[in-house]
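First residue of the sequence shown: 1, per full-length UniProt numbering; consecutive thereafter.
We put the beta carbon where it would ideally sit given N, CA and C, even for glycine.
Heads up: the structure comes next, in structure tokens.
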Amino acid sequence: MKKTRRQSAKTTPAVNGGAETADNNDDVSERIRTTLAAAIGEGALKPGTKILEEAIAEHFSVSRTVVRGALGVLESDHLLERKRNRGTFVAEPSIEQAKSLFEARRKLERLLLELVVTRATSEQLDALQKLTDEEEHIHHHGDEKSKTVLSGKFHIVLAELTGNPVLTEMLAKIVARLSLVMALYEEERKDDCGADHHRMIVAALKAKDLEKAQQLMDHHLADIEGRVRLTEGQGDRHTFLAVLENFS
1 MKKTRRQSAK
11 TTPAVNGGAE
21 TADNNDDVSE
31 RIRTTLAAAI
41 GEGALKPGTK
51 ILEEAIAEHF
61 SVSRTVVRGA
71 LGVLESDHLL
81 ERKRNRGTFV
91 AEPSIEQAKS
101 LFEARRKLER
111 LLLELVVTRA
121 TSEQLDALQK
131 LTDEEEHIHH
141 HGDEKSKTVL
151 SGKFHIVLAE
161 LTGNPVLTEM
171 LAKIVARLSL
181 VMALYEEERK
191 DDCGADHHRM
201 IVAALKAKDL
211 EKAQQLMDHH
221 LADIEGRVRL
231 TEGQGDRHTF
241 LAVLENFS
């Protein structure tokens, strides 16, 4: 019996230490997830890029099991895809997926505007207008990375004004996946998301003119969709150009 007590006493710290390790692994897993998601959203990791698990594990000083946990979350968000016997890659949205994402965004953004008109305060709309001023400045004076980071931010901040975190999360995930669509199918390259359009949308919201705000948003999103050519050949072309960029 005494031997059993000594063994129990010795195992208790190990259990506690295991809990601490698990908590730390969760934190690192989240850091891996956010790092990769940001790299994908900013275009640093392009569609079709292979994810190197070993390199990630070494960089973050964790096991590949922890890395796979983070990658699994990104797979469920459709930013990564696992290919049998080949590994994990940055997702390459199909043409049908791209069409569905654009449609979902159009519907969701109209709903968000409906809620913002009734819920946003004057102070919040003033802050949103200042964001459009920031956009204007960055597009004239910022570097390419700053421009890329800013793209889409207006829409996420607008969604936050609804006070509904579920809808905000939905839009954020759609925007993230559409960054892959744009990387794969965009024909007319632009580094902005339409600061002028954003400014007019804010003006309509301040005037409580929902119909005009929705019309402006429809036009704005149609402009973004107009930059892509949803054909298999276009996707293949971008994939091939990415290979040339990597090896030349």
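| query | result |
| --- | --- |
| Close-in-space but distant-in-sequence residues of the same chain around residue 95 (CB under 6 Å, 5 per side omitted) | 230 |
| For residue 3, three-class secondary structure by DSSP | Because the pLDDT of residue 3 is 45, which lies under 50, any placement of that residue in the model is unreliable, and the question is left without a value. |
| The region 95-114 / the region 160-169 touching (three or more Cβ pairs under 8 Å) | yes |
| Presumed contact (8 Å Cβ cut-off) between residue 160 and residue 228, rounded CB distance | No, residue 160 and residue 228 are not in contact; Cβ-Cβ is about 27 Å, not under 8 Å. |
| C-beta contact flag for residue 51 and residue 32 at 8 Å | no |
| Bridge partners - residue 168, DSSP secondary structure assignment | None; residue 168 has no bridge partner. |
| Residue 161, DSSP secondary structure in three states | coil |
| For residue 158, the nearest candidate out of 222, 88, 214 and 183 (CA to CA) | 214 |
| Contacting residues, own chain, Cβ-Cβ under 6 Å from residue 38 (five flanking each side not counted) | none |
| Beta-carbon gap between residue 152 and residue 175 smaller than 8 Å | yes |
| Among 58, 48, 139 and 132, the one whose alpha carbon lies nearest that of residue 79 | 48 |
| Beta-bridge pairing of residue 121 - partner residues as DSSP gives them | In DSSP, residue 121 forms no bridge with anything. |
| CA-to-CA distance, residue 53 to residue 81, given in whole angstroms | 13 Å |
| Within 8 Å, strictly: CB atoms of residue 208 and residue 117 | yes |
| Secondary structure, alpha helix (DSSP H): runs of 4+ residues fully inside the region 33-100 | 53-60 and 64-76 |
| Contact under 8 Å by Cβ, residue 105 with residue 210 | no |
| Coil, strand or helix - residue 187 by DSSP | coil |
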